[in-house]
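Engineer: In this note's numbering, the protein residues as written are 30 to 541.
Glycine included, each C-beta is placed from N, C-alpha and C at the ideal position.
All of these numbers come straight from a predicted model, not from anything done at the bench.
After the structure tokens below, expect a handful of questions from me.
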């Protein structure tokens with residue numbers, strides 16, 4: 030935002046007036062750094078020093094607490110302009126004017142200051158932390174635009190491969206609703222993932238030369254929780270379709286463009302929210318993101334392209350699974366785990382599931398994970414005769430019109446060369462991991478994306494978020510007999526784990 034010369038003059042005059050009204054500094058406690066008394070020298074300006082040491086030397090933690098206290102009591106006179114929060118912080122520490130951070134685009138807040146640009150060294154560190162936080166969100170916004178372009182360019186192939194038909198009635202298209210709900214479900218997780226792991230976790234460990242300290246870990250937990258739940262709270266107004274999506278388009282690519290426009294609008298509103306702290310939760314988030322020099326450990330060369338790839342890696346798996354699960358031809362898409370080794374001759378592999386899965390579907394449905402073959406399959410909706418009676422559970426090939434199992438649509442295109450690099454193995458890893466974490470049961474494990482404790486598999490989450498346990502929710506089966514029992518004696522609507530539910534649930538034994 031650009032002000033007129035008159036407004037700038039008025040802002041300068043009112044800032045000077047307000048500067049004279051700053052309360053006197055309280056006396057520093059013994060052993061504590063008086064942030065008003067230190068100068069730009071020593072550790073504070075040593076770029077080689079650890080971020081938390083520079084922060085401590087400047088007394089920046091106390092300065093941060095004091096500026097929030099001052100902001101809560103901030104009022105303006107009749108001849109004064111009203112500062113935004115980031116402007117107020119810059120003024121409070123004698124920094125540059127027009128330090129607007131609410132705008133997500135390139136603004137002065139995106140620049141880096143030297144120590145002499147502020148009256149107090151603590152202000153230099155705090156404002157540069159604001160700058161890094163703002164630059165991250167600016168890059169994230171750019172990444173969403175890049176992801177939007179890539180995804181839209183692939184939608185014709187995706188629609189054909191995953192059998193997504195054009196809507197019969199564009200005003201009531203289910204696919205648009207699916208897209209919005211998937212994007213809404215991902216937005217809070219993506220915000221936390223990008224904010225805390227892509228940006229914070231690895232650089233923090235590298236900068237500290239050790240595992241994340243308990244202090245920083247606690248701060249990351251706070252920023253994670255806030256990012257997830259605030260992202261969802263804000264996204265609700267932009268992405269949830271309600272009774273009917275507001276804007277409808279005929280093609281899947283155009284729908285995707287509308288969804289990502291809503292996602293970017295959510296991100297813009299999120300930045301406005303975090304730099305307009307008017308509640309305890311937002312204050313706590315900013316303090317956690319900045320305190321103890323945490324932002325100083327993050328990189329300056331954020332790569333929007335790499336962030337774009339990560340957005341796609343988080344979006345596509347859930348979108349694919351949602352498409353599989355909501356098509357009218359689907360029964361209950363699931364993951365079939367076998368004990369077959371990955372390296373098998375084609376004929377030997379095909380005969381292993383004969384006559385349940387056609388030979389032509391093996392290569393499409395199969396994925397190799399942890400040296401075992403998994404299959405992404407569904408139950409045929411009709412034309413299959415199965416029995417659990419002795420001596421064989423194999424389908425009657427003379428009475429069945431179709432094979433009982435079929436490869437899921439689109440699996441032949443999931444080789445990692447498109448869709449953000451997402452593969453069949455990514456889907457399998459997330460579904461299998463959730464099954465294992467749930468005690469080898471379906472629909473039990475719920476991921477906790479706010480847990481950054483050492484035992485919480487944060488390493489896997491930070492390396493490949495879309496492979497983390499439970500990131501996608503697909504039922505997992507591990508033997509054919511259970512599948513047949515579910516098909517013969519149960520129905521999908523009767524058990525969320527169908528066709529992989531334990532037979533004791535599908536057909537309980539009569540009481541003795």
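What's the call for residue 168, buried or exposed, on a 16-neighbour Cβ count within 10 Å?
Structural biologist: buried
Engineer: Which of the three DSSP states is assigned to residue 368 in this structure?
Structural biologist: strand
Engineer: Helix, strand or coil, according to DSSP, for residue 440 in the structure here?
Structural biologist: Helix at residue 440.
Engineer: At the level of alpha carbons, what is the spacing between residue 581 and residue 281?
Structural biologist: Past the boundaries of the shown model lies residue 581; the chain is included only from 30 to 541, so the question cannot be answered.
Engineer: Using DSSP bridges, identify the partner residues of residue 408.
Structural biologist: 434
Engineer: Threshold first: 4 residues or longer. Then list the alpha helix (DSSP H) segments lying entirely within the region 380-405, N to C.
Structural biologist: 388-394
Engineer: Between which two residues does the beta strand (DSSP E) carrying residue 156 extend?
Structural biologist: Per DSSP, residue 156 belongs to no beta strand (DSSP E); it is in the alpha helix (DSSP H), 150-190.
Engineer: So for residue 130, helix, strand or coil by DSSP?
Structural biologist: coil
Engineer: I need the boundaries of the alpha helix (DSSP H) containing residue 355, first residue and last residue.
Structural biologist: Per DSSP, residue 355 belongs to the alpha helix (DSSP H) from 333-355.
Engineer: For residue 400, does the count of other Cβ atoms within 10 angstroms reach 16, so buried, or fall short, so exposed?
Structural biologist: exposed
Engineer: With 16 as the cutoff for other CB atoms within 10 Å, does residue 436 come out buried or exposed?
Structural biologist: buried
Engineer: Would you call residue 383 buried or exposed, if buried means 16 or more other Cβ atoms sit within 10 Å of its Cβ?
Structural biologist: exposed
Engineer: Would you call residue 309 buried or exposed, if buried means 16 or more other Cβ atoms sit within 10 Å of its Cβ?
Structural biologist: Residue 309 comes out exposed.
Engineer: In the DSSP assignment, find the alpha helix (DSSP H) that holds residue 93 and state where it starts and stops.
Structural biologist: 89-101
Engineer: Kindly list the residues whose CB is nearer than 8 Å to the CB of residue 350, restricted to its own chain and excluding five residues on each side of it in sequence; keep chain order.
Structural biologist: These residues qualify, in order along the chain: 362, 456, 501, 502, 503.
Engineer: Using 8 Å for Cβ pairs, my map puts residue 176 next to residue 341. What's the rounded Cβ distance?
Structural biologist: 5 Å
Engineer: Who are the near neighbours of residue 112 in its chain, counting only those whose CB is closer than 7 Å to its CB and skipping five residues on each side?
Structural biologist: Closer than 7 Å at the Cβ level, and outside the excluded window around residue 112, lie 120.
Engineer: Identify the residues that DSSP records as bridge partners of residue 505: which are they?
Structural biologist: 364
Engineer: In angstroms, rounded to a whole number, what distance separates the CA positions of residue 476 and residue 254?
Structural biologist: 13 Å
Engineer: When the Cα atoms are used, what is the spatial distance from residue 546 to residue 98?
Structural biologist: Look at the range of the chain in this structure, 30 to 541, and you will see that residue 546 is not part of it.
Engineer: So the candidates are 336, 151, 416; which of them puts its Cα closest to the Cα of residue 70?
Structural biologist: Out of 336, 151, 416, 151 has the C-alpha closest to the C-alpha of residue 70.
Engineer: Can you find the residues in the same chain that come closer than 7 Å, C-beta to C-beta, to residue 284, ignoring five residues on each side of it along the sequence?
Structural biologist: 204, 205, 208, 278
Engineer: Is the beta carbon of residue 186 sitting closer than 9 Å to the one on residue 160?
Structural biologist: no
Engineer: Measuring CB to CB, does residue 83 end up less than 9 Å from residue 72?
Structural biologist: Yes.
Engineer: For the alpha helix (DSSP H) that contains residue 84, what are its first and last residues?
Structural biologist: It spans 80-86 - the alpha helix (DSSP H) in which residue 84 sits, taken as one unbroken run.
Engineer: Please work out which residues of its chain come closer than 8 Å, Cβ to Cβ, to residue 8, disregarding the five sequence neighbours upstream and downstream, and give them in chain order.
Structural biologist: There is no way to answer for residue 8, as the model of the chain reaches only from 30 to 541.
Engineer: What does a CB cutoff of less than 6 Å around residue 496 pick up in its chain, not counting 5 residues either side in sequence?
Structural biologist: 455, 458, 459
Engineer: Taking 9 Å as the threshold (C-beta atoms), are residue 66 and residue 155 in contact?
Structural biologist: Not closer than 9 Å, so no.
Engineer: Assuming residue 372 and residue 461 form a contact by the criterion Cβ under 8 Å, report the distance between their Cβ atoms to the nearest whole angstrom.
Structural biologist: Not really, about 19 Å apart at Cβ, beyond 8 Å.
Engineer: So, is residue 323 buried or exposed, given that buried needs 16 or more other C-beta atoms within 10 angstroms?
Structural biologist: That one is buried.
Engineer: Using 9 Å as the threshold, is the C-beta distance between residue 512 and residue 408 below it?
Structural biologist: yes
Engineer: If you pair each beta-carbon of the region 289-305 with each one of the region 130-144, do three or more pairs fall below 8 Å?
Structural biologist: yes
Engineer: Can you name the start and end residues of the alpha helix (DSSP H) that residue 206 belongs to?
Structural biologist: 203-221 is the extent of the alpha helix (DSSP H) around residue 206.
Engineer: For residue 179, tell me which candidate among 450, 505, 467 has the shortest Cα-Cα distance.
Structural biologist: 450
Engineer: Residue 309 by DSSP, collapsed to three states: which one?
Structural biologist: helix
Engineer: Run through DSSP, which three-state label would residue 452 get?
Structural biologist: strand
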